[in-house]
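In this note's numbering, the protein residues as written are 9 to 435.
For each residue, glycine too, the CB sits at the ideal point set by N, CA and C.
No experiment lies behind these values; they were computed from the predicted model shown.
Just below is one structure, and these are the notes that go with it.
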Ligand SMILES: [Fe+2]
């Protein structure tokens, strides 16, 4: 144990502090003091992460120069057969993101897409659509591209499918999920985190979404569990920081807010329901998992105002900005062309964005389905998911729009298989 970990506890706030500015200033001072108690300065510790990330940025730039695909691509069949090579695994862990080719047969994905159209049209969704229910995705336009729909047969069939379970288990197992005698999550059981659908039509103009990340906001610095999860960044052992360490990440609280995710996700993800070319307003990431260390330490440098976390605050998405994070953003990289039935995944701490598009060619349709393995946090959230499922309500992480409550053709409880029942905590 390092000297620093034996020094006094950090101040922490398990709910949003009443005076956020004062709390930010207090926790920053305490985090700096803890780092300095190790005998290293904040600047020295930050420089370690900065160099680690800079090496990755250079590596990615060189790969692009050589015309290589930066995003790892793995065939579903290889995941199912357990024949993913050690080299592919290294690449996945280096980049923290993945395209799974042929995750579902293309015809299956296209049929799901069509069935979603039938489901929403037969229930007069467009006639009754009341406009965007939240500010964040609302910024993409007034026509619904994000459908606040959670309980279609297509979504539930995909969520509880064996193919989805296989990929989620594969991705979950990239994380270290057992340490100190604790199993932080069960890699082989997913909690079926219900999310929405995006259907962006041909000809669409979209401003995209700026670079951001979704694991939390100021709670990442301020709750006791996250302070433990990111302990190596703050106790002088920065070299041991491991973005794949799940310790202390799966039970603690989240600060509520319009962009919160109550679940612990190992990877965010979506399944393509249409073919999409790489230049048609697609997802980009900064494919460097360790960048999180940079994002967490950057606010402690002296050029950032005392009560500022580099723009991170409650009720707003965590921004990655040119002002504070410019070196990271150089590595921003889009997905390659994908086909319906491919799926796309990125480490839950990873910076991502959606590129703008003008006069989009073809559809841009996805079902958001992450990997959210069973753990205390996800078990807690599953109670509200069960309730939303049984009543056709919007899940509690999302705006209370509840379009599907009276709809016909919703996925019914009788159609749940074992994976589905286990995911909802019904067995
Ligand atoms: Fe996001």
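Quick check on residue i: does DSSP put it in helix, strand or coil?
i	result
residue 28	helix
residue 333	helix
residue 265	coil
residue 123	helix
residue 4	Here the chain covers residues 9 to 435 and nothing more, so residue 4 does not appear.
residue 83	strand
residue 180	helix
residue 92	coil
residue 379	strand
residue 291	strand
residue 229	helix
residue 54	helix
residue 98	helix
residue 373	strand
residue 48	coil
residue 305	helix
residue 427	helix
residue 132	coil
residue 205	strand
residue 399	helix
residue 214	strand
residue 155	strand
residue 220	strand
residue 111	coil
residue 323	coil
residue 365	strand
Near residue i, which residues of its chain fall below 7 Å by C-beta distance, leaving aside the five closest residues on each side in sequence?
i	result
residue 438	Any question about residue 438 goes unanswered here, given that the chain covers just 9 to 435.
residue 386	199, 271, 272 and 380
residue 19	34, 35 and 38
residue 137	152
residue 268	262 and 405
Report all residues from its chain with a CB closer than 6 Å to the CB of residue i; omit the five preceding and five following residues, and keep chain order.
i	result
residue 84	108, 110 and 111
residue 321	none
residue 428	168
residue 367	211
residue 396	403
residue 424	none
residue 394	432
Check the C-beta distance from residue i over to residue j and give it rounded, since I have them as a contact under 8 Å.
i	j	result
residue 42	residue 242	5 Å
residue 225	residue 328	About 13 Å; that fails the 8 Å criterion.
residue 335	residue 66	Not confirmed; about 10 Å, so no contact.
residue 124	residue 205	6 Å
residue 180	residue 195	4 Å
residue 193	residue 185	5 Å
residue 31	residue 230	7 Å
residue 82	residue 96	6 Å
residue 244	residue 48	5 Å
residue 413	residue 399	6 Å
residue 294	residue 340	6 Å
residue 221	residue 359	5 Å
residue 361	residue 292	5 Å
residue 157	residue 411	7 Å
With 9 Å as the threshold, decide whether the Cβ of residue i is near any Cβ in chain C.
i	result
residue 309	Reference to chain C is not applicable here, since this structure consists of a single protein chain.
Which residues in the same chain as residue i place their Cβ atom closer than 8 Å to its Cβ, once the five residues preceding and following it in sequence are excluded?
i	result
residue 29	315
residue 308	36, 39, 40, 43, 50 and 54
residue 280	117, 346, 347, 348, 349, 350, 351, 352, 373 and 374
residue 265	225, 322, 323 and 324
residue 319	327, 329, 331 and 332
residue 344	77, 79, 81, 107 and 286
residue 426	435
residue 250	184 and 240
| request: Determine, using beta-carbon pairs with one atom in the segment 378-392 and one in the segment 271-281, whether at least three such pairs fall under 8 Å. | output: yes
| query | Hey, which residues come within less than 6 Å of ligand 1, measuring from Cβ to any heavy atom, in chain order? | reply | 220, 222 and 360
| query | Is the segment 157-166 touching the segment 410-429, taking contact as three or more C-beta pairs under 8 Å? | reply | yes
| request: Decide yes or no for the touch test of the segment 302-318 against the segment 32-42: beta carbon pairs closer than 8 Å, at least 3 of them. | output: yes
| query | When the Cβ atoms of the segment 68-77 are set against those of the segment 251-269, are three or more pairs found closer than 8 Å? | reply | no
| query | Taking three-plus beta-carbon pairs below 8 Å as touching, is the segment 194-211 in contact with the segment 396-406? | reply | yes
| query | Does the segment 90-104 come close enough to the segment 128-138 to have 3 or more Cβ pairs within less than 8 Å? | reply | no
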